[in-house]
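To keep things clear, I will list the structure first and then write my remarks on it.
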Amino acid sequence: MGPITEGQRYIYRTQGICPPEIHFRIADGLLREVHFRGGGCPGNAQLVCRLLRDRSIEEVRPFLKDIPCQNHTSCPDQLDKALEAALNGALLPAHSFRLAADLWTKTRVALVGNLAGRLEVWEALKADFKEKKVEAVYCLGNQTNPSTDNGPLLQILRKDHKVTTILGEEDWRYARQFETGPQGKLNPKDKDYLESMAQVLSFHLGAKKGMVFYGTYIQDLPGFSDYEPFSLEMNMAGNLTRFMEDESVFPALEAMTPQFISGIVIFGQRKKWGHWQVGGVDFISVGPASDDDRLSWGLLTVANDHLTLEIQSPSGIKKGDHEK
Amino acid sequence: MAEAVKVLPQEIQELMEVREWDMRTREGVNRFRELKAKSLPSIALDEQLVYESLIPGQEELAQEVRRRWRVKNG
Chain A
0 MGPITEGQRY IYRTQGICPP EIHFRIADGL LREVHFRGGG CPGNAQLVCR LLRDRSIEEV
60 RPFLKDIPCQ NHTSCPDQLD KALEAALNGA LLPAHSFRLA ADLWTKTRVA LVGNLAGRLE
120 VWEALKADFK EKKVEAVYCL GNQTNPSTDN GPLLQILRKD HKVTTILGEE DWRYARQFET
180 GPQGKLNPKD KDYLESMAQV LSFHLGAKKG MVFYGTYIQD LPGFSDYEPF SLEMNMAGNL
240 TRFMEDESVF PALEAMTPQF ISGIVIFGQR KKWGHWQVGG VDFISVGPAS DDDRLSWGLL
300 TVANDHLTLE IQSPSGIKKG DHEK
Chain B
0 MAEAVKVLPQ EIQELMEVRE WDMRTREGVN RFRELKAKSL PSIALDEQLV YESLIPGQEE
60 LAQEVRRRWR VKNG
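Respectively, the protein sequence lines represent chains A and B. Numbering that gives the first Met the number 0 applies: residue 0 is where the first sequence begins, and numbers increase by one. Numbering that gives the first Met the number 0 applies: residue 0 is where the second sequence begins, and numbers increase by one.
Following this line, the structure appears as structure tokens:
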């Protein structure tokens, strides 16, 4: 038996049935997985998904066709249409956001926002991380600034094994060369590094599961679905509460948090430090690493299931140390 | 909350058109914000937020639908 390939992932927007989307994966002519998202009969859908997993598409399609349920169609009928669209190229594979996972459970994590290509800021913060014994550093975007030479900072970040970088909106634009700037100065390794940065990071802090993302630009990525893992957290933090600016909707947020995967939701788009606890979830807004040359980073720790965020303000940048 | 609407008698169902939004989606959140709702679940009638958090009794909801229908249809 040959190796199992991951294949291509598809998202089909349905018509006339309860679930608004069908997510599935095709590899080597086999239906690797199927999920009916956003509604419908969960028990039946789960059974159908189990029965179809790893079956040949050619074999299953005759069973799906022409089953009526409502509006002259049904979940199996829509799945058949989805498979047909995927096979004839009318439905393109979905890519959506890049998700990375920090697999090792942490107890002390540093949060850094908006480095904006400034190596001297990073160097000034880094000394502090060592002193505070942080186990990992999560750098939320933006790591880059289109009007500066970002190469030196990116080289340092990509070589530091404690650092995980999360792509910010400007980084995303910069990587795709949407902005005019000196991106030509980046060497191929730095370009690859920028283009492969995670857009969502999942992690464990003590017994709590957390997620880190920059902001709402992720929802504009081709193939994004409201029903993917972590999409709900992004929608609630970004769209419902406007990154916790609108406290009047916190009762609605509280009603939605039981459906979250994450107990900690960290974002950077608001560009101000903040920490809220709503519905048993910790929401953390990460401020910029440097604001008028005042430095700051966040030390996130957990003890006895209690999460603490302490904003650290190390002494300023030493003039001349990294001036070019 | 959707259940409170679905179980209304047929004569009331015929007076109205029902639309349900899924708060997990951006479309649902946008609609929630347009209606200036604050909590869940919520029911709006004729673009007006009428019930929030509190699920109305069947009779109360039916009365409110009838009242609005009479205002609009003389």
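Where is the CB? At the ideal position from N, CA and C, for every residue including glycine.
Tell me whether the beta-carbon of residue i lies closer than 9 Å to the beta-carbon of residue j.
i              : j              : result
residue 36(A)  : residue 226(A) : yes
residue 103(A) : residue 111(A) : no
residue 223(A) : residue 210(A) : no
residue 266(A) : residue 101(A) : no
residue 157(A) : residue 164(A) : yes
residue 47(A)  : residue 74(A)  : yes
residue 6(B)   : residue 42(B)  : no
residue 55(A)  : residue 78(A)  : no
residue 166(A) : residue 213(A) : yes
residue 149(A) : residue 113(A) : no
residue 261(A) : residue 208(A) : yes
For residue i and chain B, any beta-carbon pair shorter than 9 Å?
i              : result
residue 220(A) : no
residue 230(A) : yes
residue 38(A)  : yes
residue 247(A) : yes
residue 322(A) : Because the pLDDT of residue 322(A) is 38, which lies under 50, any placement of that residue in the model is unreliable, and the number read from its coordinates should be weighed accordingly. No, no contact with chain B.
residue 168(A) : no
residue 255(A) : yes
residue 216(A) : no
residue 251(A) : yes
residue 243(A) : no
residue 258(A) : yes
residue 177(A) : No answer about residue 177(A) holds up, because its pLDDT of 44 lies below 50 and its placement is not dependable.
How far does the alpha helix (DSSP H) with residue i in it extend, from its first residue to its last?
i              : result
residue 292(A) : Neither: residue 292(A) is in no alpha helix (DSSP H) and is coded neither H nor E.
residue 64(B)  : 57-72
residue 138(A) : From DSSP, residue 138(A) is part of no alpha helix (DSSP H) but of the beta strand (DSSP E) over 135-138.
residue 9(B)   : 9-12
residue 32(B)  : 25-33
residue 59(A)  : 56-63
residue 130(B) : With chain B running from 0 to 73 in the structure shown, residue 130(B) is simply not present.
residue 127(A) : 118-130
residue 252(A) : 249-255
Measuring straight from C-alpha to C-alpha, what distance separates residue i and residue j?
i              : j              : result
residue 44(B)  : residue 64(B)  : 8 Å
residue 177(A) : residue 244(A) : Residue confidence is low: residue 177(A) scores 44 on pLDDT, short of 50, so the model does not pin down where it sits. No coordinate-derived value is stated.
residue 259(A) : residue 126(A) : 35 Å
residue 27(B)  : residue 95(A)  : 20 Å
residue 11(A)  : residue 240(A) : 29 Å
residue 67(B)  : residue 250(A) : 28 Å
residue 308(A) : residue 297(A) : 6 Å
residue 238(A) : residue 22(B)  : 11 Å
residue 131(A) : residue 63(A)  : 59 Å
residue 310(A) : residue 295(A) : 7 Å
residue 61(A)  : residue 52(A)  : 16 Å
residue 70(A)  : residue 39(A)  : 14 Å
residue 185(A) : residue 254(A) : 46 Å
residue 143(A) : residue 169(A) : 7 Å
residue 193(A) : residue 174(A) : 6 Å
residue 62(B)  : residue 19(A)  : 33 Å
residue 319(A) : residue 286(A) : The predicted position of residue 319(A) is uncertain, since its pLDDT is 43 and thus under 50; a value taken from the coordinates is nonetheless stated next. Between residue 319(A) and residue 286(A), the C-alpha separation is close to 25 Å.
residue 31(B)  : residue 54(B)  : 17 Å
residue 13(B)  : residue 35(B)  : 27 Å
residue 280(A) : residue 235(A) : 12 Å
residue 276(A) : residue 306(A) : 10 Å
residue 162(A) : residue 155(A) : 10 Å
residue 26(A)  : residue 82(A)  : 12 Å
residue 91(A)  : residue 9(A)   : 7 Å
residue 51(B)  : residue 263(A) : 27 Å
Report the partner residues of residue i according to the DSSP bridge assignment.
i              : result
residue 209(A) : 202(A), 263(A)
residue 274(A) : 283(A)
residue 94(A)  : According to DSSP, which records beta bridges pairwise, residue 94(A) is partnered with nothing at all.
residue 302(A) : 305(A)
residue 20(A)  : 12(A), 36(A)
residue 25(A)  : 7(A), 30(A)
residue 342(A) : Since the first residue of chain A shown is 0 and the last is 323, residue 342(A) is not available in this structure.
residue 48(B)  : 43(B)
residue 69(A)  : 72(A)
residue 105(A) : 204(A)
residue 197(A) : 165(A)
residue 346(A) : The structure shown has nothing for residue 346(A), since chain A only spans 0 to 323.
Can you find a CB in chain A that lies within less than 9 Å of the CB of residue i?
i             : result
residue 28(B) : yes
residue 21(B) : yes
residue 66(B) : no
residue 40(B) : yes
residue 18(B) : no
residue 36(B) : yes
Please list the terminal residues of the continuous beta strand (DSSP E) segment that includes residue i.
i              : result
residue 310(A) : 305-311
residue 41(B)  : 41-44
residue 17(B)  : That residue, residue 17(B), is in no beta strand (DSSP E); it is neither H nor E in DSSP.
residue 162(A) : 162-164
How would you list, in chain order, the residues of chain D whose beta-carbon sits under 8 Å from the beta-carbon of residue i?
i             : result
residue 25(B) : The chain inventory of the structure shown lacks chain D, comprising the protein chains A and B.
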